[in-house]
Structure formats: C-alpha cells, structure tokens
Amino acid sequence: VSTGLYSSLHWNMKMVPVPDQAFGNFFEGDCYIVLYASSNSMDIHYWIGNSSSQDEQGAAAILVTQLDEFLGGSPVQHREVQAAESSKFRSYFRNGLIYKKGGVESGFRHVESNVYNILRLLHIKGRKHVTATEVEVSWSSFNSGDVFLLDMGKVIVQWNGPQSNRSEKLKAVLLAQDIRDRERGGRAQIGVVEGGDEEDSPELMKIMRAVLGQRSGKLKEAEPDDTPDYHQQTANIKLYNVSDESGKLVVQEVAMQPLTQDLLHSTDCYIVDQGGSSVLVWKGKEASVEERRSALGRAVGFIKAKNYASSTNVEVMAEGGESAMFKHLFISWTEKGQTKGLGNVYTTGKIAKVEQVKFDVMELHARPELAAQQRMVDDASGQIWRIEDLELRELHPSSFGQFYGGDCYLVLYTYKRANKLQYILYMWQGRHATQDEITSCAYQAVAMDNKYSGVPVQVRVVMGKEPRHFLAIFKGKLIIFEGGTGRAGVTNPSPGARLFQVRGTHEMNTRATEVPARSSSLNTNDVFLLKTDHTIYLWYGKGCSGDEREMAKAVADVLSRQDKQVVMEGQEPAEFWVALGGKAPYACDKRLQKEETPHSPRLFECSNQTGRFRMTEVEDLTQEDLDQDDVMLLDTWEEIFLWIGRSANEYETKEACNSALEYLRTHPAGRDPDTPIISVKQGYEPLTFTGWFNAWDPHKWSVSRAGIPYQPSPLEGKLDALIEIKVN
C-alpha cells in the first residue's frame with residue numbers, strides 16, 4: 001500500500017517497521033498497526049493475529065491511542081481480527097492477504113527479496129478481497145471448491161479446484177504474480193493446473209507429486225465462503241452514551257434506530273451497536289481526555305459484556321471525521337462548519353508528530369518536506385526511462401511527468417534511510433502499450449533490480465491507478481495522455497482539441513488525465529483543461545475548490561505556453577463548445593457541486609458465483625471495480641443504481657433488484673422505500689451514474705477507439721497468458 005505505514009509488535013511491545021517486501025504478509029502470532037492516508041482522511045488499523053498474546057493485543061490498543069493523539073485525534077481507528085477484516089482494510093491489499101504461521105517468538109524472518117529456499121502451500125479464499133492462509137503441505141489440505149498455490153521458491157504452481165470460479169482463479173493469478181515480483185524479484189515461474197483436468201498438465205502434476213506424493217482418495221468438498229457484509233444492516237441499531245461525569249465511566253443506552261444526528265453531543269462519547277456485527281465509537285470534540293483515550297478500550301469491553309464474537313469489527317472516529325458507514329446509520333447528516341473546498345484536514349505540525357514514533361513516513365504522507373525529516377530525498381531525484389524498441393531510453397528532465405498511453409516507463413526513485421540509499425522502482429504501463437512493450441518493461445525492471453543488488457522495491461503501476469507517492473514525485477505536474485507516444489521522431493496523429501480532467505488540491509496529490517474531447521466528459525465538480533490550436537481554456541466547474549483551480553493553472557503551464565483563458569461553468573463562449581463538437585449534457589447534478597456530500601456514495605458487488613447470492617461492499621469506488629461478471633449496486637443516497645455487467649447471469653440480476661428493495665427497507669437510517677432504483681446496463685451508463693467516478697472512460701468497453709483496439713482489463717487473459725512450466 002503506497003500510502004500506508006506498517007509496524008509489527010515485537011516481544012518488547014515496541015513498533016518495528018515491516019519491510020516493504022512484506023506488505024500484505026501477516027504472522028498469526030503477532031499484532032500489526034497499519035496507517036493509511038488519503039487526500040483528505042487518515043485511518044489507523046490494528047490487526048490481531050489469532051495466535052497473538054493478550055499482552056500484544058493490549059499493547060497494540062495502547063499504541064494506537066497514542067498514535068491517534070500524535071496525529072491530532074482526527075484519524076479513524078479500526079480493530080481488525082484475522083480472517084474477519086473489514087472490507088476497507090482488505091482493499092489496501094489489492095492482491096490479497098497472506099496469513100503465515102508463527103510470530104516473533106518462533107524466530108521468524110520477514111519476507112526477503114530473492115530468497116528461494118521456500119516450500120509452503122497457500123489456501124486462497126475470496127473473490128473481491130483475497131486471503132491466503134498457510135496450510136499443511138499435503139493433499140489433505142486441498143478441497144474441490146478453492147484455489148491453492150504450491151510455492152516452491154523458483155516455481156509457483158496454482159491448482160484450481162474443479163468447483164472454483166473464474167474470478168477466484170484470476171485473483172489467485174494476481175497474488176502469485178505479486179509474490180513472484182515482490183518477493184522473488186520477478187525470477188520465479190508460474191504454472192496453472194485445472195483440478196478437473198489434471199491430465200492436461202502432466203509436467204506440472206509431476207512437480208506437485210514430487211512434493212506432495214501420490215494423491216489417494218477423493219478431494220474434500222468445497223468449503224462455504226464467509227457470510228456477506230450486507231446482512232450487517234438488518235440488525236437492530238442502538239446508540240449508547242459513554243460518560244465519566246460521576247467520576248467513573250458509564251455506558252448507557254440512549255436510542256434505537258432510526259437515529260438522528262442531534263442525539264450526538266460534542267461533550268460526550270457514544271457507541272453505536274450494529275447488533276454485534278460491528279461497534280462504532282464517536283468521540284465528541286469537547287469530551288474529556290479520559291473519555292477519548294478510553295474509547296477504544298471501552299468498545300472492546302462492550303463487546304465482551306455483550307458476549308459478541310471476539311472478531312467483531314470496531315471503528316473509533318472523532319467528531320468531524322466520521323466514516324461513510326457511520327453517516328449512513330443516521331436519517332440525515334449535516335456537516336458542521338463545513339467550508340467551501342476540501343481544505344487541509346491535517347496541519348503540517350500535526351503530521352510531523354509521527355516522527356516521534358520513528359516511522360518511515362515516506363509512503364504514508366508523500367510530502368517532500370516531511371520526507372526530508374526522515375532523510376528521504378525531497379527533490380524527486382532519480383531517473384525515468386521509456387521502453388523503445390524493447391530497450392531503455394532515458395528521458396530528459398523536461399519531459400518528466402508526461403506519460404503517454406501508448407508507452408511503458410520505468411521510474412527509479414532514490415532516497416536515503418539511515419544514510420543508506422534506498423530505491424523504489426515503478427513500472428508504469430500505458431493502456432495502449434503493446435504486449436511486447438509490457439513484457440520488456442518487466443524484463444528491464446528485473447535487470448535494474450539486479451544492477452542494484454535486489455534493493456529496489458518494485459511497484460507495478462497501471463495507467464489511471466497511480467498510487468499517491470507516485471503522484472507526489474511529480475509535484476502536481478503529472479499529465480497522462482490517453483494515447484500516442486513520447487518517442488522522439490514519432491509524430492502522433494493530431495487529435496484536434498484535447499481535454500484533460502484535473503483532480504487534486506496540492507502538488508502532492510494532483511494529476512491531469514486526458515478524457516474524450518466532448519462536452520459529455522465534463523463534470524461540474526472538477527476543473528478541465530481544453531487545449532486547442534490557439535489557446536487553453538481553464539474550465540471551472542461550480543463544485544471545484546480554489547485549491548483545485550490553482551493546481552490546474554500549474555498543469556496548464558506545463559501542458560502548453562499558449563494563452564490561457566478562464567471559463568466559468570455557465571459562462572462558456574461559443575468557441576469553447578465548438579471545440580468540443582457542440583454543447584451536450586454532462587454530469588452537472590447539483591449534488592456533485594458539493595466538495596463533500598453529507599452521504600458519500602457506496603458501491604456493492606452482487607454475485608452468486610460462490611454458490612449463493614451475496615452483497616459485498618467495495619471501498620474507494622473506481623470504474624475498474626465494475627465487474628462485468630456481476631451486478632453492482634451504487635447507493636448515492638437519493639438514488640440506487642443497479643449496474644448490470646454484460647456477463648451477469650439472470651439470477652444475479654433478479655436477486656439484485658430484490659436486494660435493492662431489501663437494502664432500502666432494512667437501512668438503519670430509515671430510508672424512503674420509494675427511493676428511485678435505476679437499472680443501468682454496461683456500456684450505456686447515464687451521466688448521473690458516471691459523474692460519481694473519476695475520469696470515467698466511456699470507451700472502456702468499446703471494441704475500438706479511433707481505430708485502435710481497446711486494451712482489456714489487466715485481469716482479462718491472465719490465465720491464458722501463463723505458460724506451462726516444462727521439466728527438463
């Protein structure tokens with residue numbers, strides 16, 4: 001997780017940074033603290049391994065409280081238990097979580113790069129968020145419904161159960177590739193065996209039998225998946241007041257659903273109980289120091305007093321920093337003292353306090369002035385290469401930050417830790433780059449890794465999914481061109497007018513993304529740059545902030561030295577619409593003009609691929625999260641959208657409609673059962689739907705774009721592309 005910082009609790013109950021290569025690996029005998037920072041919020045998670053000691057669990061809770069105070073009390077705190085993690089926590093680890101046996105006392109060593117003396121069997125579970133648990137290396141661990149990875153260091157064999165589904169197989173492939181690239185420096189081979197057709201992979205089966213022996217007897221039946229998160233909201237919601245007016249802390253029931261915001265008073269702390277599925281703690285700004293410090297501990301005590309499962313999810317948040325799920329529990333929610341624009345949630349002074357706990361904050365904050373305090377270079381020193389004719393060609397600094405969708409790039413970022421050089425190697429893949437270029441990019445990354453003795457942390461970056469630290473490297477001047485190439489001597493076809501959507505409030509989180517140059521691409525919530533032959537228009541949507549306008553000006557100066565003309569939404573000159581091919585409807589719903597809507601949109605995946613119908617929430621919604629095999633439910637509060645993927649089956653579509661009605665009926669905030677439910681088919685999304693997504697690409701699922709075949713999702717074709725390993 002590029003914006004996260006991870007620390008594990010060792011025997012002396014201190015936090016120790018986890019090596020970058022080990023992100024996503026969790027030892028069952030330990031506790032971990034995970035920090036995640038986005039552009040306008042921060043989350044602290046403490047993870048409890050099933051075999052960790054009570055002392056470690058208690059120390060984790062204390063350290064989380066201290067860290068929260070260091071950061072000004074604004075972060076949302078989460079308690080996570082192994083195998084019952086929240087969807088938000090799992091979303092940080094896109095390729096999955098790996099549970100490893102043992103802990104510090106067993107003398108383990110964290111993951112090291114380029115180490116091949118390994119033999120383990122990983123049991124893969126989950127479709128959207130994958131977990132991999134180390135199990136006994138034996139045929140007795142296998143079953144017919146799941147996917148297993150037999151990891152032998154230089155060779156990784158993926159065995160797909162006969163009843164496993166396509167999505168599970170694809171996710172397992174991504175996890176295997178992540179292990180290969182991050183832990184083995186790209187030097188391991190991956191092969192796939194279909195459990196129902198083992199005879200089609202004789203060489204791979206020979207490898208498996210050499211390790212596991214000959215299988216005797218039938219495979220075990222498939223294991224049921226976890227129950228869906230969706231059922232949480234059907235429980236009775238209760239609000240409790242936590243007070244110490246009498247000199248000792250007292251927890252008292254205040255109200256049952258539906259809840260109203262006026263029940264919360266700034267002088268107190270409150271617990272919201274979702275029937276045991278989760279416990280949410282709200283800390284008022286004027287609550288006593290003791291009440292605030294004990295909030296997390298009281299929540300854990302509350303769980304024990306109620307005899308709830310020890311894996312019950314806990315969230316602790318401060319007044320003004322409420323999570324989307326918390327706000328959704330109330331009939332209505334109004335932001336108190338909300339200012340126009342996103343503003344600065346954390347002051348530099350408060351963030352700088354992290355230094356007291358000796359964290360490497362490079363990936364957490366991605367701010368050069370703070371990185372310098374940790375002795376990380378703050379001038380983006382390093383080099384950038386483009387793949388040309390399958391070889392590396394170094395770029396001139398004048399073109400740093402300009403990435404073309406038809407190219408692949410390597411970005412080497414250099415910084416110091418304890419006076420020792422460290423490296424991050426980013427592999428950026430353009431959406432329209434050829435397969436040969438993508439392959440060459442990976443090959444050159446391995447060569448560069450060898451050059452620096454395996455020290456670089458390798459990060460694969462897909463166009464449009466750039467992590468926060470990658471954005472920070474270019475100091476607000478990152479421009480992503482949809483197609484074409486930056487190669488010298490190559491003339492890109494003139495596209496005429498070009499339109500760029502600019503998002504970001506400061507130089508550490510800003511990027512400009514090219515979108516189709518037509519009116520329908522505009523969004524009232526953002527700033528757009530329209531580049532024509534003679535001028536650049538800076539179009540300011542009614543919902544954009546002053547910070548966003550300033551960043552757009554800086555990007556416009558990089559894009560061209562042409563004259564700049566500011567255009568306010570609703571006051572566009574005729575030439576502006578002519579350049580876009582004429583005026584047309586675009587995402588201009590008044591709700592989009594708010595910097596932070598009272599209720600953030602929530603996205604759910606609706607699927608029966610595991611054998612029964614489930615609704616699972618997806619964090620940080622993007623267009624990439626829309627799975628063509630499923631139905632997705634987007635809740636924007638005033639409407640419910642059902643997005644129907646092309647490959648979704650009839651049962652999913654029918655059940656999704658029924659579940660949307662049930663979702664409204666059982667919503668703890670007492671939602672209007674007549675809230676509009678809108679069905680949207682893939683490829684035919686209206687502007688009222690696409691406006692909730694950043695840089696929506698209307699051609700994503702089209703056959704071609706101006707004659708150029710559209711590149712499929714990175715997931716598509718992964719299984720087919722893997723080459724069976726041959727045994728010499």
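Residue numbers (full-length UniProt numbering): 1 to 728. Ideal placement from N, C-alpha and C gives every residue a C-beta, glycine not left out.
Would you tell me roughly how many angstroms separate the C-alpha atoms of residue i and residue j, rounded to the nearest one?
i           : j      : result
ALA188      : MET152 : 9 Å
SER647      : SER164 : 17 Å
LYS285      : ASP268 : 8 Å
ILE351      : PHE70  : Unreliable positioning characterises ILE351 in this predicted model, as indicated by a pLDDT of 27, which lies under 50. The coordinate reading is nonetheless provided below. Cα-Cα distance, rounded: 8 Å.
THR485      : ARG209 : 48 Å
GLY161      : GLU168 : 10 Å
THR414      : SER91  : 27 Å
THR532      : TRP539 : 13 Å
ASP146      : GLY196 : 12 Å
GLN338      : LYS553 : Caution is warranted here: a pLDDT of 39 is assigned to GLN338, below 50, making its placement in the model unreliable, and no coordinate value can be reported.
residue 754 : LYS14  : In the structure displayed, the chain extends from 1 to 728; residue 754 sits before or after that span and is not available.
ALA660      : VAL254 : 30 Å
HIS599      : MET325 : 9 Å
ALA656      : VAL631 : 7 Å
VAL173      : MET427 : 19 Å
GLY275      : THR312 : 10 Å
VAL76       : VAL281 : 10 Å
ARG393      : GLY213 : 49 Å
residue 809 : GLN565 : The structure shown does not extend to residue 809, since the chain is modelled only from 1 to 728, so the question has no answer here.
ILE44       : LYS88  : 11 Å
LYS306      : ALA299 : 11 Å
residue 729 : PHE400 : Limits of the chain in this structure are 1 at one end and 728 at the other, which puts residue 729 out of reach.
Any heavy atom of the ligand NAP inside 8 Å of the beta-carbon of residue i?
i      : result
GLY645 : This structure lacks the ligand NAP; in fact it carries no ligand of any kind.
Please classify residue i as buried or exposed, where buried requires at least 16 neighbouring CB atoms within 10 angstroms.
i      : result
LEU626 : buried
ASN525 : buried
TRP47  : buried
ARG705 : Caution is warranted here: a pLDDT of 34 is assigned to ARG705, below 50, making its placement in the model unreliable, and the coordinate value is therefore given only provisionally. The residue in question, ARG705, is buried, as its Cβ has 16 or more Cβ neighbours within 10 Å.
THR636 : buried
VAL578 : exposed
LEU63  : buried
VAL16  : exposed
VAL130 : buried
TYR663 : buried
HIS78  : buried
PRO516 : buried
GLU638 : exposed
VAL361 : Unreliable positioning characterises VAL361 in this predicted model, as indicated by a pLDDT of 26, which lies under 50. The coordinate reading is nonetheless provided below. Buried, by the Cβ-count rule.
Sort the options by Cα distance to residue i and report the nearest one.
i      : options                        : result
GLY72  : ARG79, ASN95, TYR92, SER41     : SER41
LYS171 : GLY145, PRO162, ILE124, VAL157 : ILE124
VAL155 : ASN143, LEU412, GLN252, LYS206 : LYS206
GLY96  : LEU149, TYR415, VAL272, SER600 : LEU149
GLN628 : ARG166, GLU80, LEU119          : ARG166
SER278 : GLN565, GLY126, TYR308, ARG298 : TYR308
VAL455 : SER521, LEU421, PRO698         : LEU421
ALA318 : ALA295, LYS306, GLY301         : ALA295
SER332 : ILE480, ASP672, GLY691         : ASP672
PHE689 : ASN236, ASN649, ARG602, TYR651 : ARG602
SER440 : GLN402, VAL137, GLU391         : GLU391
GLU466 : GLN429, ALA442, GLY645         : GLN429
GLY683 : TYR32, TRP701, SER216          : TRP701
HIS699 : LEU471, GLU482, CYS588         : GLU482
ILE118 : LYS88, LEU67, GLU183           : GLU183
THR334 : ASN509, THR622, GLN261, VAL289 : GLN261
GLY217 : TYR32, SER138, GLY691, ASP55   : SER138
GLN54  : TYR36, SER74, GLY29, ILE33     : GLY29
Note down, in chain order, each residue of its chain lying with its Cβ closer than 6 Å to the Cβ of residue i, except the 5 sequence neighbours on either side.
i      : result
GLU437 : ILE387, CYS408
ALA380 : Unreliable placement is indicated for ALA380, whose pLDDT of 41 sits below 50; the coordinate value is still reported in the next sentence. The residues are ILE473.
GLY581 : ARG518
GLU507 : LYS475, GLY476
GLN82  : GLY49, ASN50
Leaving out five residues before and five after residue i in sequence, what residues of the same chain have Cβ atoms less than 7 Å from its Cβ?
i      : result
ASN143 : GLY161, LEU219, LYS220, GLU221, ALA222, GLU223
LEU263 : LEU239, VAL254, ALA255
ARG180 : ILE156, GLY186, ALA188, ILE190
Tell me which residues share the same chain as residue i and place their Cβ nearer than 8 Å to its Cβ, disregarding the 5 neighbours each side in the sequence.
i      : result
LEU259 : ILE237, LEU239, VAL272, LEU329, PHE330, ILE331, PRO668, ALA669
Quiz item: Taking the runs of the alpha helix (DSSP H) that are 4 residues or longer, which of them lie wholly in the UniProt domain "Gelsolin-like" (396–471)?
Solution: 435–451
Exercise. Pick out the complete beta strand (DSSP E) segments inside the segment 23–107, 3 residues or longer, and give them in chain order.
Key: 25–27, 31–37, 42–48, 76–81, 97–100
Quiz item: Fully enclosed by the segment 141–190, which beta strand (DSSP E) runs are 3 residues long or longer?
Solution: 147–151, 155–160
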